[in-house]
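In the working numbering, the protein residues as written are 28 to 381. Don't be surprised by glycine CBs; every beta carbon is placed ideally from N, CA and C. Keep in mind it's a predicted model, so treat the numbers as computed, not measured.
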């Protein structure tokens with residue numbers, strides 16, 4: 028069996044140490060999602076040996092791929108990584124230190140070719156060998172920049188790597204270890220991030236809807252705490268009347284586009300987050316029912332450091348029934364339900380620590 032192959036390690040960095048439980052949990056979710064993005068971007072048929080904190084040890088036995096082919100893999104992973112971060116930054120609900128700093132995370136890729144063998148541990152093929160050690164040693168080096176692709180001499184047969192793209196420029200360096208010097212080349216990847224196209228957010232359209240209800244209430248809490256209580260689906264059954272439980276479907280962290288299944292006393296429905304706007308003194312977000320298009324618009328306003336106002340606006344598809352709804356008993360029933368829900372929210376804010 029051929030025991031020579033490619034070692035490919037994408038490594039995420041940039042998070043500092045967080046103190047609060049929320050920040051620690053959210054940073055873990057963000058890294059988990061990014062690792063999944065890197066795994067899904069695998070185009071070379073790389074195998075996973077193990078996930079090592081914020082890095083993945085990929086490998087592939089056989090001949091070394093040509094440098095342009097290897098670059099394409101690096102490019103795919105790097106761009107997918109930053110598209111994910113940019114999308115989350117534009118759509119995120121949470122304003123904790125981990126979520127706001129996520130867009131600044133960086134990715135470097137270490138590639139090496141050499142000899143190694145593996146042994147099976149459950150579903151993973153653990154790798155051993157001198158060249159596995161070499162690849163790991165290169166994760167810590169003297170390169171001052173944070174985003175780059177590092178190629179050892181084994182992959183270029185000791186020659187100068189070719190410039191695969193017009194912007195690419197290679198630098199030469201080495202890593203001194205106890206067993207000797209490891210020479211390598213590296214090229215910065217920041218140009219790839221600059222070339223990513225902008226991804227516009229779809230605006231919420233209310234032209235086909237009519238506002239059937241609007242309610243406001245002040246709460247003795249700061250605006251961020253009020254936002255956590257209202258915007259986090261996991262708390263919804265604790266204050267909104269008629270909701271039994273809510274199950275997240277797509278994402279661990281709240282953001283535009285996240286979907287959930289809402290179980291009510293009358294059945295279940297699917298709801299997605301359709302908009303979000305953040306300012307220190309005003310937060311607005313909306314949720315839309317996938318089936319009937321009903322939209323609930325939340326507006327949170329800071330009155331002072333310990334007082335905030337919540338306004339709920341309920342929109343429904345414009346038709347003959349909604350135009351008559353304001354004079355029907357159904358509107359009063361709906362209004363009563365939301366008024367009681369807003370009182371329940373005050374109780375939740377008083378009794379729970381966010």
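With H, G and I counted as helix, E and B as strand and the rest as coil, what does DSSP make of residue 95? helix
Here's a check: name, in chain order, each residue in its chain whose Cβ is nearer than 7 Å to the Cβ of residue 262, leaving out the five neighbours to either side.
256 and 375
Report all residues from its chain with a CB closer than 7 Å to the CB of residue 91; omit the five preceding and five following residues, and keep chain order. 33, 140 and 182
query: Excluding five sequence neighbours on each side, which residues of the same chain lie with their C-beta closer than 6 Å to the C-beta of residue 84?
result: 36, 76 and 77
What is the DSSP secondary structure of residue 240, reduced to helix, strand or coil? strand
Assigned secondary structure, residue 212 (DSSP; H/G/I helix, E/B strand, else coil):
strand
Alpha-carbon to alpha-carbon, residue 180 and residue 82
22 Å
_Rounded C-alpha distance that separates residue 240 from residue 361_ = 8 Å
*asked:* Does residue 283 pass the burial test, meaning 16 or more other C-beta atoms within 10 Å, or should it be called exposed?
replied: buried
Please say whether residue 133 and residue 174 have beta carbons closer to each other than 9 Å?
-> yes
Exercise for the section: Ignore the nearest five residues each way along the sequence and tell me which others in residue 321's own chain have a CB closer than 6 Å to its CB. Expected result: 343
Going by the DSSP bridge assignment, what does residue 302 pair with across the sheet? 313
Nearer than 8 Å: is that true of the beta carbon of residue 55 relative to any heavy atom of the ligand MN? This structure lacks the ligand MN, and indeed carries no ligand of any kind.
| request: Give me the Cβ distance between residue 65 and residue 108, rounded to the nearest whole Å; I'm assuming they're in contact under 8 Å. | output: 6 Å
**Item:** With 16 other Cβ atoms within 10 Å as the buried cut-off, status of residue 184
**Value:** exposed
Can you confirm whether the stretch 152 to 168 touches the stretch 115 to 131 when touching is taken to mean that 3 or more C-beta pairs between the two stretches lie within less than 8 Å? no
* **residue 391 and residue 279 closer than 9 Å at C-beta** => For the chain, the structure presents residues 28 to 381; residue 391 sits outside this window and is missing.
Given a cut-off of 9 Å on the beta-carbon distance, is the pair residue 61 and residue 106 in contact? no
So, at 7 Å on beta carbons, what are the nonlocal neighbours of residue 373 in its own chain, with the 5 sequence-adjacent residues on each side left out? 246
Between the CA atoms of residue 194 and residue 330 - distance to the nearest angstrom
51 Å
Worksheet item: Who are the near neighbours of residue 152 in its chain, counting only those whose CB is closer than 6 Å to its CB and skipping five residues on each side?
Response: 76 and 145
Return the first residue and the last residue of the alpha helix (DSSP H) that residue 336 is part of. No alpha helix (DSSP H) contains residue 336, which is instead part of the beta strand (DSSP E) from 334 to 344.
*asked:* In the DSSP assignment, the beta strand (DSSP E) including residue 38 goes from what residue to what residue?
replied: 31 to 40
> In angstroms, rounded to a whole number, what distance separates the CA positions of residue 281 and residue 378?
Replying inline: 23 Å
Q) By Cβ distance below 7 Å, which residues in the same chain neighbour residue 260 in space, the five residues on each side in sequence not counted? A) 273, 275 and 287
Looking only at C-alpha atoms, which of 225, 265 and 135 sits nearest to residue 162?
-> 135
task: Within its chain, find whatever has a CB closer than 8 Å to the CB of residue 297; leave out the 5 residues flanking it on each side and keep chain order.
output: 276, 286, 287, 288, 289, 316, 317 and 318
| query | Would you call the CB atoms of residue 243 and residue 341 closer than 9 Å? | reply | no
field: 9 Å Cβ cutoff met for residue 303 and residue 67
entry: no
(Q) So residue 364 and residue 258 are supposed to be a Cβ contact under 8 Å. How far apart are they, rounded? (A) Their Cβ separation, rounded to whole angstroms, is 20 Å, which puts residue 364 and residue 258 out of contact at 8 Å.
Apart from the five residues on each side of it in sequence, which residues of its chain come closer than 6 Å, Cβ to Cβ, to residue 41? 131, 132 and 133
Compute the Euclidean distance between the alpha carbons of residue 366 and residue 266, then round it to the nearest angstrom.
-> 11 Å
Just to confirm the assignment, what range does the alpha helix (DSSP H) spanning residue 126 have?
124 to 128
- By a C-beta neighbour count over all protein chains shown, 10 Å radius and 16 as the cutoff for buried, is residue 172 buried or exposed? exposed
- prompt: So, are the CB atoms of residue 301 and residue 314 less than 9 Å apart?
  reply: yes
Using only the alpha-carbon positions, how far apart do residue 196 and residue 326 sit?
49 Å
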